[in-house]
Amino acid sequence: MSTDAWDKAADVRAGRVSSVELVTAALERLEQTQPELNAFTQVFAEQALDDARAADDRVRSGRDHPPLLGLPVSVKDHIWMAGVPATNGSVALRDFVPPEDAVAVTRLREAGAVVVGKTNNPEFCYRAYTDNALYGLTRNPWDLSRTPGGSSGGAGASVAAGVTDVALGTDGGGSIRIPAAFCGVVGHKPTFGRVPKEPGFKGWKTLSVDGPLTRSVRDAALALQVLSGAAPGDDMTWPSEAVDLARVDEVSLDLRGLRVAWSADLGVSPVDDQVRDAFIAVLEVLEGLGARLEEAAPVTEHPAPLWNSLALVEGYSSEGPLLERFRDVMTPGTAEIIEAGAAASGWEYVDALHAKGRFTRAWEEFFTHHDLVLTPSMPVTAFGVEHQTPQEVGGRPVDPFFDDWCALALPANLAGLPATSVPCGLAADGLPVGLQVMGPRWADGLTLAFAALVEKAVPWQGFVPSAG
0 MSTDAWDKAA DVRAGRVSSV ELVTAALERL EQTQPELNAF TQVFAEQALD
50 DARAADDRVR SGRDHPPLLG LPVSVKDHIW MAGVPATNGS VALRDFVPPE
100 DAVAVTRLRE AGAVVVGKTN NPEFCYRAYT DNALYGLTRN PWDLSRTPGG
150 SSGGAGASVA AGVTDVALGT DGGGSIRIPA AFCGVVGHKP TFGRVPKEPG
200 FKGWKTLSVD GPLTRSVRDA ALALQVLSGA APGDDMTWPS EAVDLARVDE
250 VSLDLRGLRV AWSADLGVSP VDDQVRDAFI AVLEVLEGLG ARLEEAAPVT
300 EHPAPLWNSL ALVEGYSSEG PLLERFRDVM TPGTAEIIEA GAAASGWEYV
350 DALHAKGRFT RAWEEFFTHH DLVLTPSMPV TAFGVEHQTP QEVGGRPVDP
400 FFDDWCALAL PANLAGLPAT SVPCGLAADG LPVGLQVMGP RWADGLTLAF
450 AALVEKAVPW QGFVPSAG
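Position 252 of the sequence shown, counting from 1, maps to 251 under numbering that gives the first Met the number 0, and the rest follow consecutively.
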């Protein structure tokens, strides 16, 4: 059987494999891995098989075959699906059932995808690990004692474990790219405004986007193509150019004349030596292919305090009303985060929005001189499930509450940039390392095309998780 969504979808359309076969295999793999990984919060086995049979009928009828016809996918618990609980990892929302699909889910369905289940996330997506009082702890298939990251941790773990090839996640502060890096899969954070977020939860309105986690770069490009485009009633989306799928699939990016910057730390983040070593090794491979690389990064204020200023207030606007009633059943640390948002004044939020504008302009200026910038996706490999953050990064202790260890991921959220995390090898501890490819706004196709080149130059298919 084919190994990624791109080929499997082609096989379904050509009648070489049935959707029922693919969905059955996904459900069997889900059942096999769920006891150890706990990646899923809900499973829709009966409905998924009904949808798969309908997809096979569509193939036999000769009707139009959309790009993801019959392909099993998953959706993050945070994202709305009509008639299905969207708890956002919280006991406070355990009985909330959205009245309609998020546009992103609608587009997956219209493209023929079959949703097999919803995946776990931390309460209100507030942390970069995945655990909550409602569904419990999700583990990393590479090492069950490690976290898959978060907040799209269930999505990352499920794709790495081979349950589905495509998972729909969200990214407000690295929440697609962190699990992608920790779990050794591809994650794409789209340009802000490219993929609709409505209808859905209102937190992190200026920061968060929906996007795919996948087993290959071309799968991410294919999923992004399906998800992209302005939506009526969503004032945060705009029309966007289509991704050049052929350039991604054929790995035909021309490196000549491409101005590629790189930075191991963006001048703001400590990085573990084993991650830095893996990152530098990939740069050397790229130079051998003819890439013109320059060490450079924009001069900006540190992204973590600015991101916190925005995320805390925007989170409180959504979750604040739940605090008084449900404080005692919230995951440890969640109430404190919500309260911190309540403490901020209106003028402080407005000042943070102005600072976000300055930060964005600094990155826009940087991209007048560079086409892309490469960094490690994360400064560490996956940390232990007993912790909410790594204990130290690059030998420096991490603040367990207002941490800045995700600083390499935050610029893409603050400036609305596209960013692709692609596996680039294993660190000395045997865990995956991700390479982040960032570009200017709307250059999603370029970041994906370059990530495809990295994927080909540093073959990843030979590495498989040891657990799950």
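Just so it is clear, CB atoms sit at the ideal spot from N, CA and C, and this is done for glycine as well.
Here's the rule I'm using: 16 or more other beta-carbon atoms within 10 Å means buried, otherwise exposed. How should residue i be labelled?
i	result
Pro34	exposed
Gln435	buried
Val177	This sequence places Ile at residue 177; Val is not what is there. Label assigned to Ile177: buried.
Pro396	exposed
Asp100	buried
Arg291	exposed
Pro140	buried
Thr32	buried
Gln46	exposed
Gly480	There is simply no residue 480 to check, as the chain begins at 0 and stops at 467 in what is shown.
Ala54	buried
What is the DSSP secondary structure of residue i, counted as helix, strand or coil?
i	result
Ala166	strand
Gln387	coil
Phe191	coil
Thr129	coil
Asp248	helix
Pro147	coil
Gly314	helix
Phe39	strand
Gly186	strand
Val379	coil
Asp142	strand
Leu434	strand
Glu335	helix
Cys423	strand
Lys75	strand
Glu300	coil
Asp209	strand
Arg440	coil
Thr236	coil
Val397	coil
Leu322	helix
Glu293	strand
Thr374	strand
Gly153	helix
Arg255	coil
Gly14	coil
Thr105	helix
Lys117	strand
Measuring alpha carbon to alpha carbon, tell me which of the options ends up nearest residue i.
i	options	result
Ala25	Ala4, Arg12 and Ala13	Ala4
Pro297	Pro189, Gln273, Val312 and Leu265	Leu265
Thr205	Leu48, Ser317, Leu445 and Glu45	Ser317
Pro147	Pro389, Lys355 and Ser268	Pro389
Asp370	Glu294, Ala260 and Val384	Ala260
Ile279	Arg57, Phe449, Ala442 and Gly433	Gly433
Ala303	Thr129, Leu68 and Gly173	Gly173
Leu425	Val194, Ala277 and Lys75	Ala277
Pro211	Pro464, Met437 and Ser420	Ser420
Pro439	Arg360, Val392, Gly199 and Cys423	Arg360
Pro231	Val247, Arg193 and Arg258	Arg193
Leu352	Thr380, Val312, Gly228 and His386	Val312
Val42	Asp248, Arg52, Glu27 and Asp55	Glu27
Pro98	Trp79, Lys196 and Ala110	Trp79
With residue i and residue j assumed to form a contact (beta carbons below 8 Å), what rounded beta-carbon distance in angstroms separates them?
i	j	result
Leu322	Ala310	16 Å between Cβ atoms; not a contact.
Gly155	Arg126	Gly155 to Arg126, Cβ: 14 Å. No contact.
Ser215	Val185	6 Å
Ala112	Val72	5 Å
Ala220	Leu244	6 Å
Val115	Leu29	7 Å
Gln430	Thr367	Here the sequence assigns Leu to residue 430, which means Gln is not the residue at that position. Not quite, the Cβ-Cβ distance comes to about 37 Å (not below 8 Å), so this is no contact.
Pro375	Val284	That pair is no contact at about 15 Å.
Between residue i and chain D, is there a C-beta pair that is closer than 9 Å?
i	result
Leu92	Any reference to chain D falls outside this structure, which holds one protein chain only.
Item to check | contact_flag[the region 132–142, the region 85–92] where n(CB pairs < 8 Å) is 3 or more | outcome: yes
Item to check | Validate contact between the region 159–174 and the region 233–241 using beta carbons, cut 8 Å, 3 pairs | outcome: no
Next on the checklist: Contact between the region 325–340 and the region 403–420 is defined here as three or more beta-carbon pairs at a separation below 8 Å; is this criterion met?
Outcome noted: no
Next on the checklist: I want to know whether the region 184–204 touches the region 52–72 - three or more CB-CB distances under 8 Å.
Outcome noted: no
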